[in-house]
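For reference, the structure is listed below as structure tokens.
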Amino acid sequence: MDFVLTQLSGFGGAFYALVADPLTYAYLITSVFLGITFGALPGLTATLAVTILTGFFGNKIPLDYSLIALLGAYVGAIYGGSYPSILLNIPGTAASAATAMDGYPLAKEGRGGEALGLTTTASFIGTLIGTIALLVFVWVLLLLSKNIASPEKALLALFGILLSGTLMSEDLVVKGWIAGLIGLAMAMVGLDPLLSEPRYTFGWSYMLSGFQVVPVLMGAFAVPQIIEGMRHMEIGKMAQVKGRILPNFKSVKRYLPTITRSGVIGTGVGALPGVGEDVAGWVSYGVGKTVSKEGDQFGKGSLEGLLSSETANNACIGGALIPLLVLGIPGSPPAAALMGAFKINNIIPGPTIDPEIILRVVAIMLLASFTMFIMGLFTARVFMKILRIPQVVFLPIVMVLTTIGSFSVGGGINDLYLMLGVGFVAYFMNLLKFPIAPLVIGVILGGLFDETFRRSMLISGGDIFVFASRPVASVLLLLNIALIMSQIPFIKRAFGRLRGKAI
Amino acid sequence: MKISITRIVTAAVLATGLATATSAQEYPFRDITTAVVWGAGGGTDSINRMIMAEMEKHLPVSINVINQTGGVAGSNGMVYVQNQPDDGYTLVGLSESNVTAAVQGGWDQRFDFWYPFIVGGSPDLISVPAESPYTTLQELVDAAKAAPGTIPAAASGAGSIHHLNLLAIQNGADAEFLFVPYGGSAPGQEAAIAGEVALVVTSLAEQAALIEGGLLRPLAMLTEDSAEIGGMTVPSAFDIYDGLDAYLPLKQAIGFAVHDSASDEVKSALGEAFEMAIASDVVAEWAAANNYDVGGQYGEEAQAIFATLEANFAYTLQELGATTVDPMSLGIEKP
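Chains as they are written, first to last, in our numbering: chain A, -9 to 493; chain B, 1387 to 1721.
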């Protein structure tokens, strides 16, 4: 009980410190606005918003403020994606793809204002649910995480890479794994973490520090988006919005069970390593369609369908921050960019993270969701105007911002070559329908996997059963094996045959 | 091509500078930049930000602190400052860990390329998890003697100051642990708390919060003096094992440096401001609050300290097979 009270008072203190600081508002309003703009412009994603801001703010301003900017942009961008989904039938970000299913039909019926009002409220409530889950579960996990040592970390990292590969793949799951393995291989470059020997550096001193996360992020997420955007200019017809954009509390009240369910699903999906808001939106939409009484109306302009995806993708944010803060394993691609920001500031998320940072993150999330709610209601018309900006204007600007962001983290001109190299590879991988997120997750978690796997081997004296003899590790090992087995056709067939024989 | 353009520009700037600015102008007459080779928020960064703010009060100009990270052992930042003119307007913020940059192939200079100023460092100590069966250093060492090379000991990466301290205690107490490297002090301490390793060697500043929170139990300081923390007295390992003074202390040396080739005028102006800053209450309070010992050495005295560290680090790394350049070829004498 004492623990809960100290946490609550700690949170109150952090919240008060945040609210009382006038600078907070400057960062918050700018970043949420920027986030919504990024989310609303098709082709620009939440990951990109957080990545670019990491490049700009990561090491220039104190972490306290850069966290406001990054989280504000994150919350704003996930919400902002709903604008073009509803008005143009083009998802602003992958996270809002499911929103378009019901949002656009609603807008065509002339209920665009109502739909926007509802998504604003749903995003707000979703973010709050995720934030509350963050506040509660981070402490539970922190208590548990004291027992998480190298073997568990290695298996968790591997699970994150595999899971991200499995769920982010458009067609073949194995393509996601290949992308993840490429990321893992990239993470091997540089000084060996255990023996301090150079690996794959070809005698080039720049390579000794390995591939830096920010240029890789920029290359992987920004460059292909920009090329793709420039190649296919999409000029959609915008649905007319009549009436005022107001939260319809009656509908909110009526659909409260849906909102709560979607919030919980979103948070849960967010907490899975490496799986982001887009998956959260689709999973929640799918669950909603099966569970809901008006499931057959989904896709034809159902308010419930709209709420399912839009609550879940925002709830995902809080969920994604849980493994990031407790284990240093980002729960979503934008959280991977946040991880980059922590790293630049020499903060290692993990069991010994300063609890004040966690409380501050929760306080910022709370404020950011309020800011997003208010902005969504009062400045929605501004964002609709932003949708009319042609891509030829904003994509080159984004490219310049990306380049500056990549350069500013301090690795010099080589970082730009790295960004471009990764960018072109990522673009062709996109064309071949290889997902990029697992590659980035692989780069981020690959180092962790490499280090913890080999350290486990070192301590156990080379005994591979160290991964099976610890309770948590053995569960994780089974999960990993199950995930791989489920996709191997040969094994699938073998199992089928065995079953046939048994019968 | 790049170099020649830089040279031309530098020459042009110098020429115009000489023509307009009279030679009577005293150092410093424009703002100074300190490039810290380690990341923002780390020990070296916060120490530099603190000492630079204090030195500013005694100089007519202000000092900007930036971070130039990456490379091997902070070589990016050192190469960056090396390439700046030695006029004292670009300083480098560094620590003892940078002395390995040369033998690891990060750059091609001995450490006496710099004229260093040591602000201080935090003493290393040996600690065990709170629920560990070992309550004294002797018990731990006896256990290691009974089963050599099996008790896992955490320290940050091979060749780091903490690793060197671990090696020193092994040599001094004639015991052998299983060295398990970690990517930094914090992950190593986490591993000790999780029970993955039996002991951890890091600095007092890094362990302070964990000792006060009852998560780690300190066994012995690896310096001559005992220390007070969390209401406990941590004995000095020197009082327990006689032969230790042959290997220890190996202490952190965090501070900044200017090109050794800088003029005497620059060195004395910086030295004067540094002396006044080190003597200030701000530095004393900061050191007490963060468990640091104030150094205050600069110039030749500091160069001697760094030379010892450089030799120690270089040959330890070579024994571990982690060097790419032979220390002999750089003229580093075996300690």
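The beta carbon of each residue, even a glycine, is placed where N, CA and C say it ideally should be.
Computed from a prediction, not measured in an experiment: that's the story for all the values here.
Item                                                                                                                                  : Value
Distance CB(E1582 (chain B))-CB(A1530 (chain B)) smaller than 8 Å                                                                     : no
Start-to-end residues for the alpha helix (DSSP H) that takes in M365 (chain A)                                                       : P345 to F368
Contacting residues, own chain, Cβ-Cβ under 7 Å from T1455 (chain B) (five flanking each side not counted)                            : V1423, W1424, G1425, N1462 and G1463
Chain D contacts from the stretch 1593 to 1621 of chain B (Cβ-Cβ distance under 9 Å)                                                  : The structure shown contains no chain D; its protein chains are A and B.
Check whether G29 (chain A) and A36 (chain A) have beta carbons under 8 Å apart                                                       : yes
Chain-order list of residues whose beta-carbon lies under 6 Å from that of S1543 (chain B) (same chain, five-residue window excluded) : The identity of residue 1543 (chain B) in the sequence shown is Gly, whereas the question assumes Ser. Excluding sequence neighbours, G1543 (chain B) sits near P1567.
Length of the line joining the Cα atoms of T1408 (chain B) and K1443 (chain B)                                                        : Unreliable positioning characterises T1408 (chain B) in this predicted model, as indicated by a pLDDT of 43, which lies under 50. A coordinate reading is not provided.
Exposure of T369 (chain A), with buried meaning 16 or more beta-carbon neighbours within 10 Å                                         : exposed
Residue burial classification, E104 (chain A) (beta-carbon count within 10 angstroms, cutoff 16)                                      : buried
Enclosing alpha helix (DSSP H) for W531 (chain A) [first to last residue]                                                             : Since the first residue of chain A shown is -9 and the last is 493, residue 531 (chain A) is not available in this structure.
Test: V1544 (chain B) CB closer than 8 Å to a CB of chain A                                                                           : A quick correction: the sequence has Ala, not Val, at residue 1544 (chain B). Yes, its Cβ sits closer than 8 Å to a Cβ of chain A.
is_contact[V1458 (chain B), chain A] using C-beta, thresh 8 Å                                                                         : yes
Counted within 10 angstroms of its Cβ, other Cβ atoms place V1587 (chain B) as buried (16 or more) or exposed                         : buried
L1656 (chain B) to E1440 (chain B) span [Cα, whole Å]                                                                                 : 12 Å
The ligand ZN heavy atom lying under 7 Å from the CB of V1451 (chain B)                                                               : Among the components modelled here there is no ligand, and therefore nothing to report on the ligand ZN.
Identity of the residue in B:A1639, B:L1608 and B:Q1638 nearest F1624 (chain B) by Cα                                                 : B:L1608
Neighbour list for S199 (chain A) in chain B, Cβ cutoff strictly below 7 Å                                                            : G1456 and G1457
Contact residues within the stretch 409 to 440 of chain A, judged by C-beta distance below 7 Å to chain B                             : none
Segment contact flag, the stretch 59 to 72 of chain A with the stretch 109 to 117 of chain A, C-beta cutoff 8 Å, min 3 pairs          : yes
Endpoints, beta strand (DSSP E) assigned at A1708 (chain B)                                                                           : Unbroken run through A1708 (chain B): none, as it is neither H nor E.
Under 8 Å by beta carbon: chain A residues contacting G1685 (chain B)                                                                 : The contacting residues do not exist; G1685 (chain B) stays about 29 Å from chain A at best.
Beta carbon of T1384 (chain B) nearer than 8 Å to that of A1516 (chain B)                                                             : There is simply no residue 1384 (chain B) to check, as chain B begins at 1387 and stops at 1721 in what is shown.
Interface partners of V1566 (chain B) on chain A, CB under 7 Å                                                                        : R445, L448 and I449
Contact set for G366 (chain A): own chain, Cβ-Cβ below 6 Å, skip 5 residues either direction                                          : T110
Nearest-angstrom Cα separation, counted from S274 (chain A) out to T89 (chain A)                                                      : 11 Å
Top-ranked residue by Cα proximity to L296 (chain A), from A:I307, A:A310 and A:G276                                                  : A:G276
The stretch 166 to 187 of chain A: positions lying closer than 8 Å to chain B by Cβ                                                   : L181, P183, L184, L185, S186 and E187
Option in B:Y1520, B:N1677, B:A1606 and B:L1590 with minimal Cα separation from L1630 (chain B)                                       : B:A1606
Minimum length 4: unbroken alpha helix (DSSP H) runs contained in the stretch 1482 to 1570 of chain B                                 : 1523 to 1532 and 1547 to 1559
Min CB distance A139 (chain A) to chain B below 8 Å                                                                                   : yes
Residues bridged to G1613 (chain B) (per DSSP)                                                                                        : It should be noted that the sequence gives Ala, not Gly, for residue 1613 (chain B). Note: A1613 (chain B) sits in a beta bridge opposite B:V1620.
C-beta neighbour in chain A for V1399 (chain B), strict 8 Å                                                                           : Per-residue confidence for V1399 (chain B) stands at a pLDDT of 49, beneath the threshold of 50, marking its modelled position as unreliable; the derived number appears in the next sentence. Cβ-Cβ to chain A under 8 Å: no for V1399 (chain B).
Proximal residues to A1670 (chain B) (C-beta, below 8 Å), its chain only, five neighbours per side dropped                            : V1680
Exposed unless 16 or more other CB atoms sit within 10 angstroms - verdict on N1469 (chain B)                                         : exposed
Within-8 Å CB hit, A1577 (chain B) to chain A                                                                                         : yes
Cβ-based neighbour list, T1710 (chain B), same chain, cut-off 8 Å, excluding 5 preceding and 5 following                              : V1489, Q1490 and G1491
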